[in-house]
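**Q**
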Amino acid sequence: MIRDARVFQTDFVPNDVVHRDTEINHLSSVLQPIADGDPGTPAFLHGPSGTGKTCIAQYTVEKLREQVISLNTQYVNCWENHSRFKVLYRILEGLDNTFDIHRQSTPTDVLIDRLHEYDGPRYVIILDEADQLTDKELLYELLRTQNLELIFIANEEIKFFAELNDRLASRMQTCARIKFDSYSDEKLIAILRDRIDWGLEPGVISEEQLNEIADQAAGDARVAIGTLRVAARIADGSGASEIKPEHIQSAVSEAKTEIQQKTVEKLTDDQRVLYEIITEHNAICPGDLYEAYTDRVEDARTKRMVRNYLQKMEHYNLIKSRGENRGREYIAVP
DNA sequence: CCTCCACTGGAAGATCGGGAAG
DNA sequence: CTTCCCGATCTTCCAGTGGAGG
Numbered sequence: 003m004i005r006d007a008r009v010f011q012t013d014f015v016p017n018d019v020v021h022r023d024t025e026i027n028h029l030s031s032v033l034q035p036i037a038d039g040d041p042g043t044p045a046f047l048h049g050p051s052g053t054g055k056t057c058i059a060q061y062t063v064e065k066l067r068e069q070v071i072s073l074n075t076q077y078v079n080c081w082e083n084h085s086r087f088k089v090l091y092r093i094l095e096g097l098d099n100t101f102d103i104h105r106q107s108t109p110t111d112v113l114i115d116r117l118h119e120y121d122g123p124r125y126v127i128i129l130d131e132a133d134q135l136t137d138k139e140l141l142y143e144l145l146r147t148q149n150l151e152l153i154f155i156a157n158e159e160i161k162f163f164a165e166l167n168d169r170l171a172s173r174m175q176t177c178a179r180i181k182f183d184s185y186s187d188e189k190l191i192a193i194l195r196d197r198i199d200w201g202l203e204p205g206v207i208s209e210e211q212l213n214e215i216a217d218q219a220a221g222d223a224r225v226a227i228g229t230l231r232v233a234a235r236i237a238d239g240s241g242a243s244e245i246k247p248e249h250i251q252s253a254v255s256e257a258k259t260e261i262q263q264k265t266v267e268k269l270t271d272d273q274r275v276l277y278e279i280i281t282e283h284n285a286i287c288p289g290d291l292y293e294a295y296t297d298r299v300e301d302a303r304t305k306r307m308v309r310n311y312l313q314k315m316e317h318y319n320l321i322k323s324r325g326e327n328r329g330r331e332y333i334a335v336p
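Quick look at the structure:
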């Protein structure tokens with residue numbers, strides 16, 4: 003049933019993206035000066051998850067590479083590299099300039115200096131999940147570095163700007179802002195159909211089932227593609243010759259828990275204990291939570307550290323917090 | 001109204017872990 | 001081997017917030 007599993011990977015960038023023309027054109031025009039050897043304008047892409055921001059950024063930069071002979075590019079995910087050091091490291095990595103940099107012995111200042119010294123070809127950097135950066139000042143440093151072309155990606159525009167100080171916010175105002183809206187069902191279906199043409203045997207999924215997937219995904223292409231992939235796998239595993247409604251039903255929930263499971267695996271032991279306690283309760287107040295945690299764990303961290311863990315887990319969308327101060331409760335995300 | 005106190009999150013400093021230098 | 005140094009992690013301290021209960 004599955005011909006090519008690659009097209010269902012979350013980081014797959016299609017050769018031809020056909021459902022985001024406006025956004026692609028906008029971004030291309032922002033980057034166009036680079037093709038003429040001039041500095042471009044930084045870009046800021048924002049919109050809900052699964053709306054193609056990352057995909058379009060990578061696709062457009064790839065097209066630019068075809069036009070410009072000497073061009074360096076790098077993709078940095080700030081979720082995975084949220085510290086100042088890691089982001090700078092990844093950026094220098096894109097220039098093959100890290101052979102003598104080691105976390106332990108190289109101060110971050112040296113990384114900044116080295117980046118400032120860079121005078122090679124123009125360097126396009128995609129900073130994905132830029133709102134996850136702990137040290138936003140780094141954005142300022144990057145913006146004033148010669149030869150860098152920056153593409154920032156974040157989910158919520160307003161929230162992102164609210165977290166910046168005035169100086170940085172006004173500097174960021176100069177970015178070309180490109181908004182990504184949720185996909186309509188028709189567009190989601192068109193996207194799915196592209197992937198199906200490449201990835202699945204012909205005729206294994208009906209129009210009706212496609213509609214169902216698009217409906218469940220609620221505008222999120224990542225969820226739609228994930229659901230399709232899991233549904234195909236389930237159908238294949240059960241020996242069916244085509245994807246049936248029941249395959250989709252189990253795929254929807256499995257696709258969601260699959261993502262969650264991956265995140266839980268990334269937690270430390272202490273964090274996982276906290277997560278388990280929260281999932282065992284409908285809602286739990288901080289005091290009880292900390293007590294339960296100290297009971298289960300040998301050598302417990304302090305309350306302050308636990309608050310950091312909880313914040314992190316909320317960021318990962320594993321738990322939610324409700325209420326403030328005294329009324330605070332923690333709830334597991336279903 | 002006021003006081004108490006559980007809770008939050010910022011700031012500053014201590015500690016950990018591990019590569020480099022001696 | 002030891003010593004030095006760094007970022008990351010963790011603790012300590014604390015000001016601020018707002019609900020509970022006189």
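Those letters in the first sequence? Residues 3 to 336, per our numbering, in order.
Just so you know, even glycine gets a beta-carbon here, dropped at the ideal spot from N, CA and C.
This one's a predicted model, so the numbers in the text were calculated from it and none came from an experiment.
Cα-Cα, which of Arg173, Ser85, Asp133 and Lys181 is closest to Arg22?
**A** Counting from one through the first sequence, the residue named residue 22 turns up at place 20. Comparing Cα-Cα distances from Arg22 to each of Arg173, Ser85, Asp133 and Lys181, the minimum goes to Lys181.
**Q** In or out: Arg197 buried (at least 16 other Cβ within 10 Å) or exposed?
**A** Locating residue 197 in the first sequence gives position 195, counting from the first residue. Counting Cβ neighbours within 10 Å, Arg197 comes out buried, since at least 16 surround it.
**Q** Measure how close the beta-carbons of Glu244 and Ile207 come, nearest whole angstrom, since I'm counting them as under 8 Å.
**A** Position 242 of the first sequence, counting from 1, holds the residue named residue 244. Position 205 of the first sequence, counting from 1, holds the residue named residue 207. Indeed, because the Cβ distance is near 7 Å, the residues count as touching under 8 Å.
**Q** Express the C-alpha separation of Gln76 and Arg92 in angstroms, rounding to a whole number.
**A** Against the first sequence, residue 92 aligns to sequence position 90. Against the first sequence, residue 76 aligns to sequence position 74. Going by the C-alpha atoms only, they are around 8 Å apart.
**Q** Hey, is Gly289 close to the ligand FMN, as in C-beta under 6 Å from one of its heavy atoms?
**A** What this structure holds is no ligand at all, so the ligand FMN is not there to describe.
**Q** Skipping 5 residues on each side, what residues in its chain have a beta carbon closer than 7 Å to that of Asp118?
**A** For this step, residue 118 is matched to residue 116 along the first sequence. The amino acid occupying residue 118 in the given sequence is His; Asp does not appear at that position. Result list for His118: Thr147, in chain order.
**Q** How is Ile71 classed by DSSP in three states: helix, strand or coil?
**A** In the first sequence, the residue the question calls residue 71 occupies position 69. Coil.
**Q** Using the Cβ count rule (16 or more neighbours within 10 Å means buried), how would you classify Gly329?
**A** Here residue 329 refers to the residue found at position 327 of the first sequence. By the 10 Å Cβ count, Gly329 comes out exposed.
**Q** Do you know whose CA, among Cys287, Arg274, Ala226 and Ala285, lies nearest Arg298's CA?
**A** The sequence position of residue 298 within the first sequence is 296, counting from 1. It is Arg274.
**Q** Return the residue from the list Leu194, Ala237 and Ile160 that minimises the CA-CA distance to Gly386.
**A** Since the first residue of the chain shown is 3 and the last is 336, residue 386 is not available in this structure.
**Q** Alpha carbon to alpha carbon, how far is Leu140 from Val308? Give it in angstroms, no decimals.
**A** Position 306 of the first sequence, counting from 1, holds the residue named residue 308. Position 138 of the first sequence, counting from 1, holds the residue named residue 140. Val308 and Leu140: Cα-Cα distance of roughly 27 Å.
**Q** Take His28 and list the residues in its own chain whose beta-carbon comes closer than 6 Å to its own, dropping the five residues that flank it on each side.
**A** Stepping through the first sequence from its first residue, residue 28 is reached at position 26. Ile180.
**Q** Threshold first: 4 residues or longer. Then list the alpha helix (DSSP H) segments lying entirely within the segment 40-110, N to C.
**A** Those alpha helix (DSSP H) runs which fall completely within the segment 40-110 and span 4+ residues are 55-69 and 86-95.
**Q** So which of Leu145, Asn149 and Ala192 has the shortest CA-CA distance to Ser172?
**A** Position 170 of the first sequence, counted from the first residue, corresponds to residue 172. Checked all of Leu145, Asn149 and Ala192; the closest Cα to Ser172 is Leu145.
**Q** Would you kindly report the start and end of the unbroken beta strand (DSSP E) that includes Glu151?
**A** Counting from 1 along the first sequence, the entry for residue 151 is found at position 149. Where Glu151 is concerned, the enclosing beta strand (DSSP E) stretches over Leu150 to Ala156.
**Q** Among Thr270, Ala294, Ile286 and His283, which has the Cα closest to the Cα of Asn340?
**A** Given that the chain is displayed from residue 3 to residue 336, the structure contains no residue 340 and the question cannot be resolved.
**Q** In this structure, how does DSSP classify Lys322 when only helix, strand and coil are distinguished?
**A** Sequence index remark: in the first sequence, residue 322 carries index 320 (1-based). Lys322 falls in the strand class under three-state DSSP.
**Q** Where Ser30 and Gly96 are concerned, what is the direct C-alpha to C-alpha distance, given to the nearest angstrom?
**A** Position 28 of the first sequence, counted from the start, is the residue given in the question as residue 30. Position 94 of the first sequence, counted from the start, is the residue given in the question as residue 96. So the alpha carbons of these two residues sit roughly 22 Å apart.
**Q** Could you tell me whether the Cβ atoms of Arg86 and Thr110 are closer together than 7 Å?
**A** Counted from its first residue, the first sequence places residue 86 at position 84. Counted from its first residue, the first sequence places residue 110 at position 108. In this structure, Thr110 lies closer than 7 Å to Arg86 by Cβ.
**Q** Do the segment 61-78 and the segment 244-255 touch if we need at least three Cβ pairs shorter than 8 Å?
**A** Short answer: they don't touch.
**Q** What's the C-alpha gap between Lys258 and Val32?
**A** In the first sequence, counting from the first residue as 1, residue 258 sits at position 256. In the first sequence, counting from the first residue as 1, residue 32 sits at position 30. Spanning the two alpha carbons is a distance of roughly 36 Å.
**Q** Do Val15 and Gly201 have their CB atoms nearer than 7 Å?
**A** The sequence position of residue 15 within the first sequence is 13, counting from 1. The sequence position of residue 201 within the first sequence is 199, counting from 1. No, Cβ-Cβ distance for Val15 and Gly201 is not below 7 Å.
**Q** Out of Gly205, Glu151 and Tyr185, state which residue places its alpha-carbon closest to the alpha-carbon of Ala219.
**A** Position 217 of the first sequence, counted from the first residue, corresponds to residue 219. When only C-alpha atoms are compared, the closest one is Tyr185.
**Q** Helix, strand or coil: how does DSSP classify Ile245 here?
**A** Position 243 of the first sequence holds residue 245. Coil at Ile245, not helix or strand.
**Q** Do Val225 and Glu256 have their beta-carbon atoms positioned less than 7 Å apart in this structure?
**A** Here residue 256 corresponds to residue number 254 of the first sequence, with the count starting at 1. Here residue 225 corresponds to residue number 223 of the first sequence, with the count starting at 1. Not a contact, by the Cβ cut-off of 7 Å.
**Q** What is the rounded straight-line gap between the Cα of Ile215 and the Cα of Asn149?
**A** Taking the first sequence and counting its residues from 1, the one referred to as residue 215 is at position 213. Taking the first sequence and counting its residues from 1, the one referred to as residue 149 is at position 147. If you take the alpha carbons of Ile215 and Asn149, they lie about 44 Å apart.
**Q** Give the C-beta separation of Tyr277 and Ile227 to the nearest angstrom, bearing in mind that I take them to be a contact with Cβ-Cβ under 8 Å.
**A** Locating residue 277 in the first sequence gives position 275, counting from the first residue. Locating residue 227 in the first sequence gives position 225, counting from the first residue. Actually they are not in contact, since the Cβ atoms of Tyr277 and Ile227 sit about 27 Å apart, beyond 8 Å.
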